[in-house]
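A short worksheet on the structure shown next.
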Amino acid sequence: MSFVKQPKTQRGELTLRKICKAAEELFAEKGYYATEIHDITQKAQVATGTLYVYFPDKLSLFLHLMDELGRKLRREIRAAKQKSPDSTFIEQERISIRVFFGFVREHFGLFRIVWQAQFVDEQAFKGYYERFARGYVAEITKANESGEARDLDPTVIAYALMGIYSFVALKCFVFDKSEPDEATIEQLVEFIARGICGGASS
């Protein structure tokens, strides 16, 4: 589903990016409900009416932003994994963890926006995680079939992994105002290797 009217010119694309960047920062800083349209347009340095060229309302902008950031994150994870197509499931998870934490660092607004979404639009919140889960389920199923992972329900494991990574990111980026270091990443990999795969990490 599209929430935005796509621009037809390069100038329009630049304006849309400015609006989205401003919205991402404000939704992260002030929250969805405390952010007004004029806050976004003022920060983006565009006229209020310009925003309505691309979005019918604030909710459409919020949902577009969440959808686009989610797409970008999935695309970056997929691209990073494709660089090592013959790596094991555990090695692929190590790649995913690093990309996820790096993305949160660069787009901290995404982290807060997704968590707010459960109160703004529950269906969008559900859909965001379901799209991630679909790819994960396929990978875990493949790992099960190859003997790399224990024969556990792929859907349960997919959501368990997403929950683990999200809460570790919450602890580091939000609570501690820091970044997960290599030791943290390797502990996560070790946990997955022993808990899901039943052996030592690779």
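According to our numbering, the sequence shown is numbered sequentially starting from 39. Beta carbons are placed, not taken as given, at the ideal position from N, Cα and C, and that holds for glycine. Source: prediction; values computed, not measured.
Taking buried to mean at least 16 other C-beta atoms within 10 Å of its own C-beta, is residue i buried or exposed?
{"i": "Val194", "result": "exposed"}
{"i": "Thr47", "result": "exposed"}
{"i": "Glu278", "result": "One cannot answer for residue 278 here, as it falls past the ends of the chain, which runs 39 to 240."}
{"i": "Phe139", "result": "buried"}
{"i": "His76", "result": "exposed"}
{"i": "Ala207", "result": "buried"}
So, for residue i: in the same chain, excluding its five sequence neighbours on each side, which residues have a beta-carbon less than 6 Å away from its beta-carbon?
{"i": "Ile133", "result": "Ala118, Lys119"}
{"i": "Arg150", "result": "Ala66"}
{"i": "Gly108", "result": "Tyr166"}
{"i": "Phe54", "result": "Note on identity: in this sequence residue 54 is Leu, with Phe being the wrong assignment. So the list reads Pro45, Tyr92, once near-sequence residues are dropped."}
Can you look up residue i in the DSSP assignment and give me helix, strand or coil?
{"i": "Ser125", "result": "coil"}
{"i": "Ser98", "result": "helix"}
{"i": "Ala231", "result": "helix"}
{"i": "Tyr70", "result": "coil"}
{"i": "Leu190", "result": "coil"}
{"i": "Phe93", "result": "coil"}
{"i": "Glu114", "result": "helix"}
{"i": "Gly185", "result": "coil"}
{"i": "Thr86", "result": "helix"}
Go through its chain and collect everything with a Cβ distance to residue i's Cβ below 8 Å, but skip five positions before and after it.
{"i": "Phe146", "result": "Ala66, Phe211"}
Leaving out five residues on either side along the sequence, give the residues of the same chain with a beta carbon under 7 Å from the beta carbon of residue i.
{"i": "Gly69", "result": "Gln154"}
The stretch 89-104 / the stretch 174-191 touching (three or more Cβ pairs under 8 Å): no
Sufficient close CB pairs (3 or more, under 8 Å) joining the stretch 109-128 to the stretch 63-70: no
The stretch 168-183 contacting the stretch 195-209, beta-carbon criterion three pairs below 8 Å: yes
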